[in-house]
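Asker: I have a structure here, written as structure tokens, and I will follow up with some questions on it.
Following this line, the structure appears as structure tokens:
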């Protein structure tokens, strides 16, 4: 009986203790849950405050930008009159009929140097020094190119004038200066200057080349023959031929083809180039050019790929000679010096006279590179655009020569490689021997080889 009561009391005590423990655990759990909820609320409030701060900063930034634009627009409205009086900073163009104007914001650049060069009282000698030609020749070129290079004004900006377009191109070719300096001189953007150079060179090639660089007609051929014969005593010569190399930056494709081994060995510096083959008359004016073949090709291979070779193969050069150096083969229409050792007197005399004719084309290329300094430097122009630029240089050279502009020369560093098959016509061998014999026995030969 006592045991039952004791067990009953123990059971009630354990139930009470268990209930207290359960209540304690529930209370602790509620406290933890409440603490977690409070922590989450605090974190949410912190993020909301951060978002509000970011939004405030963005609104302030947008407000500041809007204020800047408003201030600039107000300044532009005030500055219209000053722009018309010569002030800078804003490029503007009005719609036709005095309508609403649209404005294009551009960087202010000074055109003071070009404005001075373009003025009527700018000294002729200074102009010629800058552009390698006088004002009259420059005006002639501008007039010829106006229809091809002129642009119309737009509602955003005024077009670059024709004279400035042509001047950018010619000054770049004449000096070879980088585009950033061209930009500084003419007050135009670098990309604009690059575009203008290519556009004007393309126009020169399309508009002026057919007029100033072409194969001579029958009457011109007769005069050229007379001029060369009066100099050398060799009849039927219609041109002097030479091939030069223009340095380039290593191309991304076909690098080996443009590698110039001879220039690399001479300069102790890896060199790449493209070729320019030219035929000139007795005055040093180009009558034919072949531009753009890789610098690893020897002169005879360049000749075989040229339009001149195709013209000769079609029988259009029958009965005439084009004089070349020892780098070309002797053919029915190509006359070259003797290259073997132990020459006879008549062969020495012939080589002297051939040298005088060949010097005409060499000197012409020296003036070409002297006038247009860009041909002496590795250019920024892309390889695919180079033939257009080089062709324009040849045309401008002809115009300067025809108008007796002062000559500027440079030293040529081109090597001659005697082709493996230097004799390609038995008829030409006999014809050359006959010319050499006549030179010696008809008092046309010099005597310097005897000393």
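In UniProt numbering, the protein residues as written are 1 to 451. Cβ atoms here follow ideal geometry from the backbone N, Cα and C, with glycine treated the same way. Just so it is clear, the structure is predicted and the values come from calculations on it, not from any experiment.
#1: Between residue 276 and residue 243, which are expected to be in contact by the criterion C-beta below 8 angstroms, what is the C-beta distance as a whole number of angstroms?
#2: Once you ignore the five residues that flank residue 159 on each side, which residues in its own chain have a CB closer than 7 angstroms to its CB?
#3: Closer than 8 angstroms is the cut-off here; do at least three beta carbon pairs connect the segment 132 to 147 with the segment 159 to 173?
#4: Can the beta-carbon of residue 213 be found less than 8 angstroms from the beta-carbon of residue 351?
#5: Measuring CB atoms only, is the segment 350 to 364 touching the segment 267 to 274, in the sense that at least three cross pairs come out at less than 8 angstroms?
#6: Buried or exposed for residue 427, please, with buried defined as at least 16 other CB atoms from any protein chain shown within 10 angstroms of its CB.
#7: Below 8 angstroms on the Cβ atoms is my contact criterion, and I expect residue 422 with residue 287 to pass it. Report the Cβ-Cβ distance as a whole number of Å.
#8: Determine the DSSP secondary structure at residue 294, reduced to helix, strand or coil.
#9: Using CA atoms only, rank isn't needed, just tell me which of 361, 326, 404 and 429 is closest to residue 459.
#10: Nearest to residue 396 by alpha carbon, out of 205, 161 and 30?
#11: Pick out whichever of 173, 319, 392 and 408 has its Cα sitting closest to the Cα of residue 210.
#12: Using the three-state DSSP reduction, which class does residue 70 fall into: helix, strand or coil?
#13: Between residue 241 and residue 439, what straight-line distance do the alpha-carbon atoms span, to the nearest angstrom?
#14: Counting pairs of beta carbons, one from the segment 251 to 258 and one from the segment 226 to 239, are three or more of them closer than 8 angstroms?
#15: If you reduce the DSSP assignment to three classes, tell me which class residue 278 lands in.
#16: Have a look at residue 189 and residue 114 and give me their C-alpha separation to the nearest angstrom.
#17: Using C-beta distances below 6 angstroms, list every residue in its chain close to residue 417, excluding the 5 sequence neighbours before and after it, in chain order.
#18: Under 8 angstroms: do the segment 402 to 415 and the segment 369 to 376 share three or more Cβ pairs, one atom per stretch?
#19: Distance, Cα to Cα, residue 36 vs residue 28?
#20: Would residue 223 be called buried (16 or more neighbouring beta carbons within 10 Å of its own) or exposed?
#21: Can you grab the Cα-Cα spacing for the pair residue 83 / residue 382, in whole Å?
#22: Over what stretch of residues does the alpha helix (DSSP H) that includes residue 240 continue unbroken?
#23: Could you check what DSSP says for residue 333 in three-state terms: helix, strand or coil?
#24: Rounded to the nearest angstrom, how far is the Cβ of residue 324 from that of residue 336, given a contact under 8 angstroms?
#25: Using alpha carbons as the reference points, say which of 202, 179 and 431 lies closest to residue 192.
#26: Consult DSSP for residue 439 and reduce its assignment to one of helix, strand or coil.
#27: What separation, rounded to the nearest whole angstrom, lies between the Cα atoms of residue 364 and residue 111?
#28: Do residue 281 and residue 235 have their C-beta atoms within less than 8 angstroms of each other?
#29: Along the alpha helix (DSSP H) that carries residue 323, what are the first and last residues, could you check?
#30: For residue 369, which of 431, 129 and 394 has the nearest alpha-carbon?
#31: Beta-carbon within less than 6 angstroms of residue 425's beta-carbon, same chain only, minus the 5 sequence neighbours each way: which residues are those?
Answerer: Taking the coordinates as given:
#1: The residue you call residue 276 lines up with position 276 of the chain shown. The residue you call residue 243 lines up with position 243 of the chain shown. Yes, residue 276 and residue 243 are in contact; Cβ-Cβ is about 7 angstroms, under 8 angstroms.
#2: Within the chain shown, the letter at position 159 stands for residue 159. For residue 159, where only same-chain residues beyond five positions count, the Cβ hits under 7 angstroms are 151, 152 and 153.
#3: yes
#4: For the purposes of this step, residue 213 is taken as residue 213 along the chain shown, with counting starting at 1. For the purposes of this step, residue 351 is taken as residue 351 along the chain shown, with counting starting at 1. Going by C-beta atoms, residue 213 is not nearer than 8 angstroms to residue 351.
#5: no
#6: Taking the chain shown and counting its residues from 1, one reaches residue 427 at position 427. It is exposed - the Cβ of residue 427 has fewer than 16 other Cβ atoms within 10 Å.
#7: As a first step, residue 422 is located in the chain shown; it is residue number 422 there, counting from the start. As a first step, residue 287 is located in the chain shown; it is residue number 287 there, counting from the start. Going by Cβ atoms, the distance from residue 422 to residue 287 rounds to 25 angstroms, so no, they are not a contact pair.
#8: In the chain shown, the residue the question calls residue 294 occupies position 294. Residue 294: strand per DSSP, three-state reduction.
#9: The structure shown has nothing for residue 459, since the chain only spans 1 to 451.
#10: For this step, residue 396 is matched to residue 396 along the chain shown. If we check each option's Cα against that of residue 396, 205 comes out closest.
#11: Position 210 of the chain shown, counting from 1, holds the residue named residue 210. When each option's Cα is compared against that of residue 210, the closest is 392.
#12: On the chain shown, residue 70 is found 70 positions in, with the first residue counted as 1. In this prediction, residue 70 scores a pLDDT of 49, lower than 50, which makes its location untrustworthy; the coordinate-derived value is nonetheless stated afterwards. Of the three classes helix, strand and coil, the one that applies to residue 70 here is helix, per DSSP.
#13: Numbered from 1 along the chain shown, position 241 holds the residue referred to as residue 241. Numbered from 1 along the chain shown, position 439 holds the residue referred to as residue 439. Answer to the nearest angstrom: the Cα atoms are 21 angstroms apart.
#14: no
#15: Numbered from its first residue, the chain shown carries residue 278 at position 278. Here residue 278 sits in strand by DSSP.
#16: Here residue 189 corresponds to residue number 189 of the chain shown, with the count starting at 1. Here residue 114 corresponds to residue number 114 of the chain shown, with the count starting at 1. Going from the Cα of residue 189 to the Cα of residue 114 covers about 14 angstroms.
#17: On the chain shown, residue 417 is found 417 positions in, with the first residue counted as 1. So the list reads 298 and 327, once near-sequence residues are dropped.
#18: yes
#19: Taking the first residue of the chain shown as 1, we reach residue 36 at position 36. Taking the first residue of the chain shown as 1, we reach residue 28 at position 28. Straight-line Cα distance between these residues: approximately 12 angstroms.
#20: The residue you call residue 223 lines up with position 223 of the chain shown. Classification of residue 223: exposed, given that the 10 Å Cβ count is below 16.
#21: For this step, residue 83 is matched to residue 83 along the chain shown. For this step, residue 382 is matched to residue 382 along the chain shown. The pLDDT assigned to residue 83 is 43, lower than 50, so where the model puts this residue is not dependable, and the model offers no usable value.
#22: Locating residue 240 in the chain shown gives position 240, counting from the first residue. No alpha helix (DSSP H) contains residue 240, which is instead part of the beta strand (DSSP E) from 237 to 248.
#23: Taking the chain shown and counting its residues from 1, one reaches residue 333 at position 333. Here residue 333 sits in coil by DSSP.
#24: For the purposes of this step, residue 324 is taken as the residue at position 324 of the chain shown. For the purposes of this step, residue 336 is taken as the residue at position 336 of the chain shown. Yes, they are in contact, since the Cβ atoms of residue 324 and residue 336 sit about 5 angstroms apart, within 8 angstroms.
#25: Mapped onto the chain shown, residue 192 falls at position 192. Taking only the C-alpha atoms, the option nearest residue 192 is 179.
#26: On the chain shown, position 439 is the one that residue 439 refers to. Correct three-state label for residue 439: helix.
#27: In the chain shown, the residue the question calls residue 364 occupies position 364. In the chain shown, the residue the question calls residue 111 occupies position 111. Roughly 35 angstroms separates the two Cα atoms.
#28: The sequence position of residue 281 within the chain shown is 281, counting from 1. The sequence position of residue 235 within the chain shown is 235, counting from 1. Not a contact, by the Cβ cut-off of 8 angstroms.
#29: Numbered from its first residue, the chain shown carries residue 323 at position 323. Residue 323 -> not in any alpha helix (DSSP H); beta strand (DSSP E) instead, spanning 321 to 323.
#30: On the chain shown, position 369 is the one that residue 369 refers to. Taking only the C-alpha atoms, the option nearest residue 369 is 394.
#31: Position 425 of the chain shown, counted from the first residue, corresponds to residue 425. If we look at residue 425 and ignore the five residues flanking it on each side, its Cβ neighbours are 331 and 332.
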